[in-house]
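Numbering (the numbering used here), first residue to last: -13 to 476.
What follows is a single structure, written as structure tokens, with notes after it.
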């Protein structure tokens, strides 16, 4: 078998081709927000969220418009509608209903875009994954190289801060690295021009250097688990590993040369991330956050405390539990958690099956293997870090999930055929999901009209009350939304 089989009904969806456009658009916006910015926010997190929220609105509207006549498979439609209903109920009972509704709307639009992924053809899926990964990686490593050179020229320390382009913590870009490195082999085998291959290979190696220097144990673990998983994926998995290994080694070599050979030889000061593997403080903090989330879920098992409301009471540790499943349980309730787990486990199993069917084809099976690796890295990452919290990571996660859904819908199964079939018989579930998306867009469009949607004013009020505090509140989940920290909550 040379490629993923395309069911006979798939030709119907060829008029729907959002995959490549969404991949390119999201990649470009992530590149802009992480390397350039346009100064609209009062912090990097504010700016990322402000720029990426309209992007999500546009992507969701585009996806829904193109799939207007398609009906979701009934199980998926019921799950989607159930999450929406529980989310609304939880939001209305929350301490700050408007903010809970904003968070609900954001996640529902992510779900809409993922559910509307187009199974146009395998080539389109591969192209979308390649474009997204390359745009993000190439732009960010350019910023890192510029940081290293400029720091050396002005005799500033190179290391931790030089890996930061548009972030305040090197673990945040490591989330992007864990999600896009698994997709880079697709771009490498697609490029034929020698010069382009050299440039892409350099970006590939530098992207590995960045994740090595990030100090992110979660990213390292995610990529390690993805690599072990691919080792069991036959010829396509071995092909993926054979491409990744030399670039990972090149990244490690570049890291060693730049920071341990060239820098000392040139007399440049280094400030590297050290001791991360033995640092137990952050692990202890995550355990405490997990206990808090479990306590919230136990006290409010049906509907939770409300979307984003883990951050309502300042616990002194973190505004989210660093575990997506625990966050859903605490904020949305246990029934919502069960639905989310069922959906993700099903998607992972179907992606695994898709990759296994073409595992014997080293090149033809590479797209499915790469997407399985990215999905594996994401599944590991959401257990220990804020992959669904940091704006750029959240929307990058959406792209990975969307492409996996598109891959799964290429498979010759009744569910896939039902997912791509179109017609005039739109049932109540299809109308309900479309209405949910429309209402979510309206809620997010109303955000700038609320005090919560004016981050600069909120921050100025907070600074006046806390002139010597080192931490400034941010626009979304990374900051606290309760009255103790947010003046607009009083």
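The beta carbon of each residue, even a glycine, is placed where N, CA and C say it ideally should be.
Every value quoted in this text rests on a predicted model; they were computed, and no experiment measured them.
Nearest CA to the CA of residue i: which residue from the options?
i           : options            : result
residue 144 : 465, 241, 376      : 241
residue 210 : 167, 177, 222      : 167
residue 101 : 49, 451, 83        : 49
residue 283 : 325, 318, 306, 256 : 318
residue 477 : 32, 177, 421, 392  : This structure leaves residue 477 out entirely; the chain is present only between -13 and 476.
residue 127 : 189, 61, 388, 75   : 189
residue 229 : 306, 171, 64, 474  : 171
residue 353 : 388, 269, 108, 266 : 108
residue 175 : 11, 326, 68, 350   : 350
residue 70  : 285, 292, 16, 146  : 292
residue 122 : 95, 269, 84, 152   : 152
residue 256 : 416, 134, 304      : 134
residue 99  : 465, 381, 369, 468 : 381
residue 125 : 14, 32, 92, 415    : 14
residue 105 : 389, 334, 21, 118  : 389
residue 91  : 103, 81, 66        : 66
residue 421 : 131, 437, 47       : 47
residue 22  : 290, 132, 438      : 132
residue 130 : 173, 193, 82, 417  : 193
residue 278 : 450, 332, 265, 298 : 298
What residue range does the alpha helix (DSSP H) around residue i cover?
i           : result
residue 170 : 170 to 176
residue 139 : 108 to 139
residue 183 : 180 to 199
residue 32  : 30 to 52
residue 203 : 203 to 217
residue 540 : Residue 540 cannot be examined here, being either before or after the span of the chain that is shown, -13 to 476.
residue 158 : 157 to 166
residue 84  : 83 to 101
residue 241 : 220 to 242
residue 310 : 310 to 317
residue 379 : 377 to 395
residue 151 : Looking at the DSSP string, residue 151 is not in any alpha helix (DSSP H), and its letter there is neither H nor E.
residue 72  : 60 to 78
residue 321 : 320 to 343
residue 448 : 441 to 451
residue 368 : 352 to 370
Which residues does DSSP pair with residue i in a beta bridge?
i           : result
residue 144 : 256
Return yes when the Cβ of residue j is within less than 8 Å of the Cβ of residue i, no when it is not.
i           : j           : result
residue 294 : residue 89  : yes
residue 115 : residue 169 : yes
residue 236 : residue 191 : yes
residue 321 : residue 280 : no
residue 394 : residue 360 : no
residue 110 : residue 6   : yes
residue 196 : residue 149 : yes
residue 484 : residue 208 : Here the chain covers residues -13 to 476 and nothing more, so residue 484 does not appear.
residue 474 : residue 444 : yes
residue 300 : residue 470 : yes
residue 95  : residue 423 : yes
residue 358 : residue 60  : no
residue 305 : residue 466 : yes
residue 442 : residue 84  : no
residue 314 : residue 323 : yes
residue 325 : residue 73  : no
residue 173 : residue 119 : yes
residue 296 : residue 271 : no
residue 226 : residue 355 : yes
residue 258 : residue 146 : yes
residue 41  : residue 62  : no
residue 431 : residue 439 : no
Would the beta-carbon of residue i be found less than 7 Å away from any heavy atom of the ligand GDP?
i           : result
residue 226 : Inclusion of the ligand GDP in the displayed structure is not the case, the ligand content being empty and no account of it being possible.
Stretch-stretch touch, CB-based, cutoff 8 Å, three pairs: the stretch 154 to 164 with the stretch 193 to 202: yes
The stretch 114 to 130 touching the stretch 329 to 347, judged by at least three CB pairs closer than 8 Å: no
Cβ pair count under 8 Å reaching 3, the stretch 125 to 140 against the stretch 414 to 432: no
The stretch 211 to 231 touching the stretch 342 to 351, judged by at least three CB pairs closer than 8 Å: In this structure the stretch 211 to 231 lies against the stretch 342 to 351, because at least three pairs of beta carbons, one per stretch, are closer than 8 Å.
Touch test, the stretch 119 to 139 against the stretch 32 to 47, Cβ-Cβ under 8 Å, three pairs minimum: Counting C-beta pairs with one atom in each stretch, the stretch 119 to 139 and the stretch 32 to 47 have fewer than three that are closer than 8 Å, which means they do not touch.
Three or more C-beta pairs below 8 Å linking the stretch 241 to 253 and the stretch 181 to 188: Pairwise C-beta distances place the stretch 241 to 253 out of contact with the stretch 181 to 188, as fewer than three of them are shorter than 8 Å.
Three-pair Cβ contact test at 8 Å for the stretch 359 to 377 versus the stretch 300 to 310: Touching, yes.
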